[in-house]
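Inspection log for the structure reproduced underneath, given as structure tokens.
Residue numbers (our numbering), protein chains in the order written: chain W, 1 to 317; chain Y, 318 to 619; chain X, 620 to 1052.
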């Protein structure tokens, strides 16, 4: 294959023909192409429509009601949303979710990048290290949190026992807000790093060694090679990972619910745990649905922002 | 050509070129060996840190109940390795049936979601059509919806369509995911248009092009999608619990919830059960990891 | 990897095997209409409890020709999320088990079958007054109390000895249960006599166990709701005293710092691991304690203040309002709460019966039978007017208020007076009264 005009993943294709030329050659095929595209999308979107979007619309209508779920609720307009604005618990949950995202995303991406870089070099028994690093992915969120409960228990957990054994003072992982927050961040980073590492590894292996050779010839040392070759070329990969990590951080539930239950005193309460408690414990289904809608709205805004940003990164669309 | 010009024109999917022999190689080799030791040490430390919670799960699974609750000194391995937790688990739950249910559901979910993701990802990556932007980020936004938010509405739909109480009540909603679509699009953006256009010029229809040109190039992507789909449906529990009604249809992760009793947990049995849950998927992982890790690099160029 | 014929067959074989283990879940096996004479019964339970239910079901089926009860055992964690969803979608089970503090949420919203017209005339008299009070809502009876449990105190005698406290100081009758002052003094001695990494006691108010804190409120003769189950009644000196007393456990270091309500570690675990010398606990822990605790232990009564008071824990059995088989459901509920089935269930599961003819010194436990009188005695201290408050339909909305405010008090973030004021307004908001 010729090495001219090849595409990079994440970027649009370069080398567009002249505008007039394009219109002439593409117009007859454009409609067929669009029809084919819709056809290709149909199975996936049909599933999404019936099992995600329709329930979402249902949840939206519930959010406009005051209901406990049993029987019909009373129409309440935007009351639930007005309540949200004035609800300190909601803002705390939102703040915690944002803080959680801001901590977990860069941490797991950075660790993933470091691990991928290491694994991309020649190492003895490399598959062993790679296996160790991706093994945490195989564990479910609930199991991760349960292991965390055992490890972080401040009275008899293994972590505090180790700390005491080496002479440090044990940390109150459950009863203080900051350490409790640290436990959910640590557990999630442990869980997610493997995935980030895998995607980065794929991205790294796609960077040809001849680029590094050229950089070395230009006089770059290892750090400069990393900074000026690796990082820019991993741009699309990083972008992709940022989107996924942010999205998954916003919807975190299992780990927080099982590990801290949102405590102590709501210090680790996040949007989805708050929505769950409101809907299924207090049984205020309308309010819970409103929280869900807000979550969805944030996701839409974020998705739109990232899509815009990725498009300006692309060559002209 | 300066490095910057090379960067602009580079392919991030080029096959790994053989190392070239350049002057100063022996000196570089020596320093490479030294730094290889350093790198190995670092990666070993990181690897062991990553795996130590799993080791702890293993240790607890093989510890006796008395040992877990008593004892406050630091022990890194159980005083006495016992199988009693596993015995308790197998005596209390139909593990084999639930294992079978999990496999059945995971396989069908994977078949459905991988094929729909491939099709949709291709459409977004390589086809032009109106509304692609809006449709794409609508799909992206659905990624953020955890099942807890739409649970009740979804349950109504599942009951209304008569799926409740069968595997399909789990299979179909779980297959409805935009994650695979997202991954597939990302990957397929890297397929050179020239190949596709060549096929079209040869007279192939869109479907033909997809089947004959795109799919063969996407084997690494398919491996990743199969992987991620198996993993997420294997570990899913919140929705299956609500959608499956009967105990005999339950999947394996639901058992973990059983062990979280009303007033406290049996940690030995919990970890034993978690181990049973992890081992099959971990084996699949470890055996097949090279198929997509190494292969992802070859993003479509022959 | 080249796919050889052999590897393909091997692979398919390996893949097919798990399918053989699976249930036939791809098609509907249960018909949409339930068979005449079939009841579906959803519950969670420990092994002993489920065995007890199965035995009772077998006996019922034998005594009622042609009837079937299908038991569906589900995890406790998600039980009520599922029940809620099923109720809303119109296909709930006929019968389910429900804690008394959740009972009101369903009864007060018309989701349960009113058993009053279906029960035999003398059924009410068979239960204790406090048990009967737990299943009332408005004018109807919406379930039958199946068993109860209440919290007494489990004592680690080894740790007592270590702190220089003799076993003879432990109360042996409800009349000489420790008063709050005596308990406080005991806490001081334990605190002084135990090393820094152990504590005098832990209280079992984690999560939905926050209802056990109410025992302290009742011991001060306080209340949190008026008899209309709506008007908040917690703004009282009794409540302030109860909050102050329980908060003092933390300030005086009588309990581990993570013995808060929102903690993910249960109090019993710290007792098993000998981090604490005493723990408030229900009788159901006894079998576990017997097998796991490798120290000498016993049980005694909970403290008293102005009076004795205890929580009415445990679960009722209810039928859903739209069940197709109301008579059969009522018959099953009556059968299961007859003397013999209830006695067998409670003895094996180490729980307390709700029948007057069983809650006496005839009560037997299979494990540590000499402790049965302590729990029976403790259960007899429960007052009906205390129980009726917990049966309020708004109880599930009140629980989060309790959890939040009490934890704020326990962590020192607010004093007793503020806590009680907030509780009053929070409970009012929850009940709309």
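A virtual CB, placed ideally from N, CA and C, is assigned to each residue, including glycine.
- For residue 802 (chain X), the enclosing alpha helix (DSSP H) begins and ends at 799–812.
- Contact residues of the region 692–708 of chain X toward chain W are 699, 700, 703, 706 and 707 (C-beta to C-beta distance below 8 Å).
- What residue 56 (chain W) touches in chain Y, judged by beta-carbon distance under 7 Å, is 462 and 467, going in chain order.
- If you draw a straight line from the Cα of residue 824 (chain X) to the Cα of residue 879 (chain X), it comes to about 8 Å.
- With its beta carbon at least 8 Å from every one in chain W, residue 1028 (chain X) lies outside the interface.
- Apart from sequence neighbours up to five positions away, the residues of its chain that approach residue 857 (chain X) with a beta-carbon distance below 6 Å are 839, 840 and 841, ordered along the chain.
- CA-to-CA, the gap between residue 123 (chain W) and residue 562 (chain Y) works out to about 50 Å.
- Against chain X, the beta carbon of residue 283 (chain W) has neighbours under 8 Å at 703, 724, 1015 and 1016, listed in chain order.
- Under the 8 Å Cβ criterion, the region 958–967 of chain X does not count as touching the region 699–717 of chain X, having fewer than three qualifying pairs.
- DSSP places residue 468 (chain Y) inside the alpha helix (DSSP H), whose first and last residues are 464–477.
- In the structure shown, residue 936 (chain X) adopts extended strand secondary structure according to DSSP, grouped into three states.
- Excluding the 5 residues flanking it on each side, residue 671 (chain X) has same chain C-beta neighbours closer than 7 Å at 963, 964, 967 and 968, in chain order.
- Using a CB distance cut-off of 8 Å, residue 420 (chain Y) counts as an interface residue toward chain X.
- For residue 595 (chain Y), the closest of Y:360, Y:369, Y:374 and Y:358 by C-alpha to C-alpha distance is Y:374.
- Taking 8 Å as the threshold, the shortest C-beta distance from residue 402 (chain Y) to chain W does not fall below it.
- Identification of chain W residues near residue 356 (chain Y) by a Cβ-Cβ cut-off of 7 Å yields 118, 121 and 123, ordered along the chain.
- Between the C-alpha atoms of residue 65 (chain W) and residue 975 (chain X) there is a straight-line separation of about 45 Å.
- DSSP places residue 382 (chain Y) within a helical segment (H, G or I) once states are collapsed to three.
- Contact between residue 260 (chain W) and residue 180 (chain W) holds: CB atoms are separated by about 5 Å, below the 8 Å threshold.
- In the three-state reduction of the DSSP assignment, residue 577 (chain Y) falls in the strand class.
- Burial is judged here by how many other beta carbons sit within 10 angstroms of a residue's own beta carbon; residue 503 (chain Y) has at least 16 and is buried.
- Residue pairing by DSSP places residue 759 (chain X) opposite X:756 in a beta bridge.
- The closest CA to that of residue 701 (chain X), considering only X:883, X:663, X:817 and X:863, is found on X:663.
- Going by C-alpha positions, residue 43 (chain W) is about 42 Å away from residue 938 (chain X).
- The criterion of a C-beta distance shorter than 8 Å is satisfied by residue 808 (chain X) and residue 782 (chain X).
- For the pair residue 494 (chain Y) and residue 59 (chain W), the CB atoms are not nearer than the 8 Å cut-off.
- Beta-bridge annotation (DSSP): residue 74 (chain W) is paired with W:66.
- Looking at the backbone, the Cα of residue 508 (chain Y) and that of residue 209 (chain W) are separated by about 21 Å.
- Per DSSP, residue 900 (chain X) is one residue of the beta strand (DSSP E) stretching across 895–900.
- With a 10 Å radius around the Cβ and a threshold of 16 neighbouring Cβ atoms, residue 697 (chain X) comes out buried.
- In the three-state scheme derived from DSSP, where H, G and I count as helix and E and B as strand, residue 689 (chain X) is classed as strand.
- Ranked by Cα distance from residue 869 (chain X), the first of X:1046, X:934, X:1027 and X:812 is X:1027.
- Between residue 900 (chain X) and residue 1001 (chain X), the gap from beta carbon to beta carbon reaches 8 Å or more.
- Against chain X, the beta carbon of residue 409 (chain Y) has neighbours under 7 Å at 666, listed in chain order.
- Judged by pairs of C-beta atoms under 8 Å, the region 567–578 of chain Y does not touch the region 149–162 of chain W, as fewer than three such pairs exist.
- Counting the other Cβ atoms within 10 Å of the Cβ of residue 816 (chain X) gives fewer than 16, which makes it exposed.
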